[in-house]
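Undergrad:
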Amino acid sequence: MSASGVVAAQLRVGTAPSSLVLNAIRVGGPSVRDQIAARTGLSVATVNRQVVALAASGLVQERPDLHDSRGVGRPKVPITLDRDQFCVAGMHVGARRTTLVIADLGGRTLYSHAIATQDLAGVSAEAAVERLCGQLAELAARFSGRRLLWAGAALGGAVDAETGVADHPILGWRDQKLGPNLHAALGVPVTVSEHVQAMAAAELLLGGEVEPHGAALFFYARETVGMAMIINDQVHQPTRGAGSIAGLLVVPGPLSEAPVAPLQSVVGSSALKAAAQRLGTADDDRALVDARASALGQAVASMRDVINPDSVIVAGQAFTDHPRGLAPVQAAFDAATATREPREITPTRFGLHVTDAAPIAVALAAVYADPLTVVTGD
């Protein structure tokens, strides 16, 4: 950890024995040692050593009250996460809404508070960052009975993962020391991540698999658009920061007077309002929402053809606001893709709460990467 308290994000499935055991217990629920060994591929002896160490650190606990007395032979005591001792804090800064959240060790939200981001428009970027960090600290203080282990922040724009310095062009933020300020407010290590990568991390790390496999394309669209890739059980994080699909050209139909347009210019609610005003119709006119679904399907198909992932996951209200859900996006995707093998587009497992899950995933990624060191400080 640097002097600023910022630790670069490692958005991946942990491979240390303690990480594998802790994650297996999180995913599998109450588990005996033999079950944990089967899920992780570790020996029972190794699992036992890790369970003893994790229990001594307060991360897991034996639950003899959950033992099934109908079994034959020596009783095997189930192990569960200790969800009461620790917590993590998260902040997602969006173009329209900022979310502050506290979650337990398993990723379950304990408290979430949303702020209209435009309420910060009347203050300087420095004051806005300071205010948000102070509000998250106040929220964390409500859980003084738990030890806060880590904080994660996620936002659109450019993020320097090493320093926690971030830009948010829509909000006018430039070189804001979000990570250091958050560390100063909370007194724990902080990780800052680009928000679409953080959402992809939530799919990878907070899902229901001990060892997820395969490549996945994660696509987000609301007022802004973004894409992330999951490869070999980790979110791909380019050395020089996340790329952009904002300028990906699509056929916009009635959303624009141009024959082709950049994706980000035609999928947000402001773009629909502008098109509706130009055409003298309602924002939710069927032709407009169909055109947005078509543009999104085209864009996802273009990236799918380049990467050819095993799965395609989408999130954001630009995808979900159509009256027929993802069906029109899927139809446009099927028509546009040049890859012959069918691929079903699936929604994020977190639904409208994906922005809550994103910064929590960033924080828990650090905890689960080396849980014993995080708790003991060694």
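Mapping of the sequence shown onto the numbering used here: residues 54 to 431, in sequence order.
Think of the CB as a built atom: it goes at the ideal place given N, C-alpha and C, for glycine as much as any other residue.
For HIS166 and CYS140, I'd like the C-alpha separation in whole angstroms.
TA: If you number the sequence shown from 1, residue 166 lands on position 113. If you number the sequence shown from 1, residue 140 lands on position 87. C-alpha of HIS166 to C-alpha of CYS140: approximately 16 Å in a straight line.
Undergrad: Between GLN383 and GLY279, what straight-line distance do the alpha-carbon atoms span, to the nearest angstrom?
TA: If you number the sequence shown from 1, residue 383 lands on position 330. If you number the sequence shown from 1, residue 279 lands on position 226. Computed Cα separation, rounded: 18 Å.
Undergrad: Quick one: give me the first and last residue of the beta strand (DSSP E) that GLN114 is part of.
TA: Numbered from 1 along the sequence shown, position 61 holds the residue referred to as residue 114. Looking at the DSSP string, the run of the beta strand (DSSP E) that includes GLN114 is 113-115.
Undergrad: Just the C-alpha distance for GLN317 and ILE298, rounded to the nearest angstrom, thanks.
TA: Mapped onto the sequence shown, residue 317 falls at position 264. Mapped onto the sequence shown, residue 298 falls at position 245. One Cα belongs to GLN317, the other to ILE298, and the distance between them is close to 8 Å.
Undergrad: Tell me the DSSP secondary structure of ALA328 in three-state form.
TA: Within the sequence shown, the letter at position 275 stands for residue 328. ALA328 carries a helical assignment under DSSP once its states are collapsed to helix, strand and coil.
Undergrad: Nearest CA to the CA of VAL342: which residue from GLN138, ASP374, VAL365?
TA: One-based indexing of the sequence shown puts residue 342 at position 289. Here the closest residue by C-alpha is ASP374.
Undergrad: Any idea if ILE132 is buried or exposed, counting beta-carbon neighbours within 10 angstroms, 16 or more meaning buried?
TA: Within the sequence shown, numbered from 1, the residue matching residue 132 stands at position 79. Per the 10 Å Cβ criterion, buried.
Undergrad: List the whole-angstrom C-beta distance separating ALA244 from VAL60, where the pair is believed to meet the contact cut-off of C-beta under 8 Å.
TA: Your numbering for residue 244 matches position 191 in the sequence shown. Your numbering for residue 60 matches position 7 in the sequence shown. Sequence inspection shows Thr at residue 244; the Ala mentioned does not correspond to that position. Rounded, the Cβ-Cβ distance is 5 Å, consistent with contact.
Undergrad: DSSP on PRO233, reduced to helix/strand/coil?
TA: Taking the first residue of the sequence shown as position 1, residue 233 is located at position 180. It is helical.
Undergrad: For VAL313 and LEU349, which I take to be in contact (beta-carbon distance under 8 Å), what is that distance rounded to the nearest angstrom?
TA: For this step, residue 313 is matched to residue 260 along the sequence shown. For this step, residue 349 is matched to residue 296 along the sequence shown. Not really, about 15 Å apart at Cβ, beyond 8 Å.
Undergrad: Between the stretch 240-257 and the stretch 214-225, do at least 3 Cβ pairs fall closer than 8 Å?
TA: yes
Undergrad: Can you list the alpha helix (DSSP H) stretches of 4 or more residues lying completely in the stretch 72-101, in chain order?
TA: 86-93
Undergrad: Could you check the C-alpha separation between SER72 and PRO376 for me, to the nearest Å?
TA: Working through the sequence shown from its first residue, we reach residue 72 at position 19. Working through the sequence shown from its first residue, we reach residue 376 at position 323. Each residue's Cα considered, the two are about 42 Å apart.
Undergrad: Can you find the residues in the same chain that come closer than 6 Å, C-beta to C-beta, to ILE267, ignoring five residues on each side of it along the sequence?
TA: Within the sequence shown, numbered from 1, the residue matching residue 267 stands at position 214. Looking at the sequence itself, residue 267 is Gly, so the reference to Ile does not match. ASP363.
Undergrad: Can you check which of these residues, VAL420, THR429, VAL407, VAL428, is closest to ARG65 by C-alpha distance?
TA: Within the sequence shown, the letter at position 12 stands for residue 65. If we check each option's Cα against that of ARG65, VAL420 comes out closest.
Undergrad: Kindly identify the DSSP beta-bridge partner or partners of ILE168.
TA: Here residue 168 refers to the residue found at position 115 of the sequence shown. For ILE168, which the question treats as bridged, DSSP gives the partners THR151.
Undergrad: Out of ALA106, GLY209, ARG79, which has the shortest C-alpha to C-alpha gap to ASP157?
TA: Counting from 1 along the sequence shown, the entry for residue 157 is found at position 104. The option with the nearest alpha carbon to ASP157 is ARG79.
Undergrad: Have a look at VAL85 and LEU163 and give me their C-alpha separation to the nearest angstrom.
TA: Your numbering for residue 85 matches position 32 in the sequence shown. Your numbering for residue 163 matches position 110 in the sequence shown. So the two alpha carbons sit approximately 27 Å from each other.
Undergrad: Could you tell me whether the Cβ of TRP226 comes closer than 7 Å to any Cβ of chain D?
TA: As a matter of chain content, chain D is missing from the structure shown, which is built from one protein chain.
Undergrad: Pull up the CB-CB distance for LEU201 and LEU239, whole angstroms please, since I reckon it's below 8 Å.
TA: What you label residue 201 is simply residue 148 of the sequence shown in a count that begins at 1. What you label residue 239 is simply residue 186 of the sequence shown in a count that begins at 1. Rounded, the Cβ-Cβ distance is 6 Å, consistent with contact.
Undergrad: For ARG127, which of helix, strand or coil comes out of DSSP?
TA: By one-based count along the sequence shown, residue 127 stands at place 74. Confidence in ARG127 is poor, its pLDDT being 47 and thus under 50, which makes the residue's placement unreliable; the coordinate value appears in the next sentence. Coil, per DSSP.
Undergrad: Can you list the beta strand (DSSP E) stretches of 3 or more residues lying completely in the stretch 258-332, in chain order?
TA: 269-274, 278-284
Undergrad: Check for me: the beta strand (DSSP E) holding ARG377 runs from which residue to which?
TA: The residue given as residue 377 occupies position 324 in the sequence shown. Careful: ARG377 lies outside any beta strand (DSSP E) and carries neither H nor E.
Undergrad: Between the alpha carbons of ASP387 and GLY160, how many angstroms are there, rounded?
TA: Against the sequence shown, residue 387 aligns to sequence position 334. Against the sequence shown, residue 160 aligns to sequence position 107. The alpha-carbon atoms of ASP387 and GLY160 are separated by roughly 35 Å.
Undergrad: Alpha carbon to alpha carbon, how far is ARG275 from ILE360?
TA: Position 222 of the sequence shown, counting from 1, holds the residue named residue 275. Position 307 of the sequence shown, counting from 1, holds the residue named residue 360. Near 22 Å, if we compare the C-alpha coordinates of ILE360 and ARG275.
Undergrad: Mind reading off the beta-carbon distance from VAL74 to VAL105? Whole number of angstroms is fine, and I expect it under 8 Å.
TA: Here residue 74 refers to the residue found at position 21 when the sequence shown is read from its first residue. Here residue 105 refers to the residue found at position 52 when the sequence shown is read from its first residue. Incorrect: roughly 10 Å between the Cβ atoms, too far for contact.
Undergrad: Give a yes or no on whether the C-beta atoms belonging to ARG357 and THR399 are separated by under 7 Å.
TA: Counted from its first residue, the sequence shown places residue 357 at position 304. Counted from its first residue, the sequence shown places residue 399 at position 346. No, the Cβ-Cβ distance between ARG357 and THR399 is not below 7 Å.
Undergrad: Where does ALA422 land, buried or exposed, given buried means 16+ other C-beta within 10 angstroms?
TA: Taking the sequence shown and counting its residues from 1, the one referred to as residue 422 is at position 369. So ALA422 counts as buried.
Undergrad: Beta-carbon separation of VAL218 and LYS230 under 7 Å?
TA: By 1-based counting over the sequence shown, the position of residue 218 is 165. By 1-based counting over the sequence shown, the position of residue 230 is 177. Yes, the pair counts as a contact, with Cβ atoms nearer than the cut-off.
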